Amino acid sequence: MYQLLIMELSNISYSPISSQRKSILMFNLLMLISLRPWFVYFYVDQHVLIALDIVLSTLSYAFSPRSFCFKARDFGIFLVLMVAAMLGTVGNFNAFLTTFICCVPFFVFMCASQELRIATLASFNKMFYWILGISLLFWYLHLAGMPLPHVHLDAPGETTYEFDNYFVFIRNTHITASLVPRFCSIFLEPGYIACLCVIMLFLYRFNLRKFHNKIYLVSLFASFSLAGWLFFFIALIPYMAQKGRGKWYYLLLVVSFVGLFLYLNTESDNVVNTMIGSRLSIEDGRLSGYNRANDELRKVWSTDFWNSDNVLFGYREDFISRFDFGASVDSRAYIMRYGLLAFIAYVWFLVRGLKIKYSYLGLWLFIIVALFVYRGYSVMFLHALLFLYISSLEFLKRESSFSKTSTLSNNGWKSS
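Its first residue numbered 1, the sequence shown is counted upward by one per residue in the working numbering.
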């Protein structure tokens, strides 16, 4: 059985005063902010967030300039990502300037050394599972009936973002979300957190002997995210297909969770049935629980769009005013709004990264990320997602070249 490994960075000090450690912290903050925790979404102005992209990116380089190398190849790949972002922007000059600034952290991260990128991933893992772990503890205390101090949060202009803020977690109180409590920690979208948990479980090989993997698994289950649960089983496929005795562990994991799902899904008023089971039926040739595109979008997509002059650059400003697509947010909505060229440029960026650092598990990581993006295009340019993708391809490539006698460490590779 292969071991998932993270490189031991012998030349990086993990003391609080390490210059490289400071760079890693800047990258982690960029990732955290991009996930929009409640204190960022509700209390930090958009202009401040744009400024933070510049400040944190600059500091990440300034703290450890020797850990960065600017190469023509990285710049070329970044330009393609920039083109994708610019084509996916609608508005005046300020909108395009904002897009450019928000892309700067990607270039800085791409120019970081492999060791720094992998160390950033290891550090993000620690930060992420501690946040989820603390949230889970108080979440279940709350569900058990323990009174906890909280305040109410309303997002102006967002009817679906109404929360009770318990500070270490938030609970959506909107009428459509309050029927079944869904865990989302300090973040707004339980589906995003579930999908990120799947990625982290995949990278750490679903090894439930590791405490952080237990945290990710419980968080995934508590999110009641249909996409997250489906991605979980998809992410297990490459491990079940491997040779040797190791595959039996993953098969047992699948059987256990399918059995648990069937047991919890026996009653129609069960939470699992309401959020997952009832949405898995096939109606009119599609999954009934797939709510990322409405009938109007499906109709325009299959007929008018491909016969129009808007295929390459999309409907852009007319997307909202011309059609009643509601909350349609999957990749078809992105292509119809911004055009096929914008989507192709983004996919090329993902494929190019995979080609440079190709590995078998890297290919499956690409599939998981592609499905995540297809589910909702608002995640496409999240720093958390693309930083994870870039750095994960790095160590999955390294894993394939290291011996099987190595063991997993949260901080880096460690040889036995």
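Built from N, CA and C at the ideal position, the CB exists for glycine as well. Keep in mind the model is a prediction, meaning the values are calculated, not measured.
Among Leu253, Leu32, Leu382 and Val151, nearest to Ala85 - alpha-carbon criterion: Leu382
Determine the closest residue to Ile193 out of Ser359, Leu393 and Ser34, with distance taken between C-alpha atoms. Ser34
If you follow the alpha helix (DSSP H) that Asp330 is in, where does it begin and where does it stop? Taken as a continuous stretch (DSSP letters only), Asp330 belongs to no alpha helix (DSSP H), as it is neither H nor E.
Starting from Asp154 and walking both ways along the beta strand (DSSP E), at which residues does that stretch end? Val151 to Asp154
Nearest residue (CA-CA) to Ile77, options Ile390, Lys397 and Arg398: Ile390
My assumption, with CB atoms under 8 Å, is that Leu341 sits in contact with Leu365. Please give the rounded CB distance. No, Leu341 and Leu365 are not in contact; Cβ-Cβ is about 25 Å, not under 8 Å.
Quick check: the Cα distance between Trp139 and Ser400, rounded to an integer number of angstroms? 39 Å
Along the chain, where does the alpha helix (DSSP H) containing Phe224 start, and where does it finish? Element bounds for Phe224: n/a, residue is neither H nor E.
When burial is assigned at 16 or more other CB atoms within 10 Å of the CB, is Trp125 buried or exposed? Before going on, a small fix: residue 125 reads as Asn here, not Trp. Asn125 should be labelled buried.
Just to confirm, is the Cβ distance from Ser225 to Pro190 under 8 Å? yes
Those runs of the alpha helix (DSSP H) which lie wholly inside the region 353 to 404 and span at least 4 residues: 360 to 375 and 383 to 401
DSSP state of Ala112 mapped onto helix, strand, coil: strand
Status (buried if at least 16 other CB within 10 Å, exposed otherwise) for Met146: exposed
Contact check, Met200 vs Phe128, beta carbons under 8 Å: yes
Tell me the DSSP secondary structure of Ser13 in three-state form. Residue placement at Ser13 is flagged as unreliable, the pLDDT there being 41, under the threshold of 50; the coordinate-derived value follows with that caveat. Ser13 falls in the coil class under three-state DSSP.
Considering Phe319, what are the terminal residues of the beta strand (DSSP E) in which it resides? Run containing Phe319: none in the beta strand (DSSP E); it sits in the alpha helix (DSSP H), Asp318 to Arg322.
Where Leu116 and Ile24 are concerned, what is the direct C-alpha to C-alpha distance, given to the nearest angstrom? 7 Å
Could you have a look at Asp164 and say whether DSSP puts it in helix, strand or coil? strand
For the beta strand (DSSP E) containing Asn172, list its first residue and its last residue. Ile170 to Asn172
Pro37 bridges to which residues according to DSSP? Phe187
Roughly how far, in whole angstroms, is the beta-carbon of Phe187 from the beta-carbon of Pro37, given that I think they are within contact range, below 8 Å? 6 Å
From what residue to what residue does the alpha helix (DSSP H) around Thr58 run? Gln46 to Phe63
Whole angstroms are fine: how far does the CA of Val168 sit from the CA of Ile134? 7 Å
Between which two residues does the alpha helix (DSSP H) containing Ala85 stretch? Ala72 to Leu87
Can you have a look at Arg292 and say buried or exposed, based on whether 16 or more other CB atoms are within 10 angstroms of its CB? buried
So, helix, strand or coil for Phe128, using DSSP? helix
Using DSSP with H/G/I as helix, E/B as strand and the rest coil, what is Phe107? helix
Rounded separation between Leu148 and Gln46 - CA only: 30 Å
First through last residue of the alpha helix (DSSP H) which encompasses Val300: Asp295 to Ser302
Assuming contact is defined by CB atoms lying nearer than 8 Å, are Gly314 and Gly353 in contact in what I supplied? no
Going straight from the alpha carbon of Ala72 to that of Leu81, what length do you get? 14 Å
Assigned secondary structure, Phe231 (DSSP; H/G/I helix, E/B strand, else coil): helix
Within 10 Å of its beta-carbon, does Ser328 have 16 or more other beta-carbons around it, so buried, or fewer, so exposed? buried
Of all the options Phe221, Asn92, Arg209 and Phe323, which has the alpha carbon lying nearest to the alpha carbon of Arg337? Phe323
Rounded to whole angstroms, what is the Cα-Cα separation between Glu394 and Ser321? 43 Å
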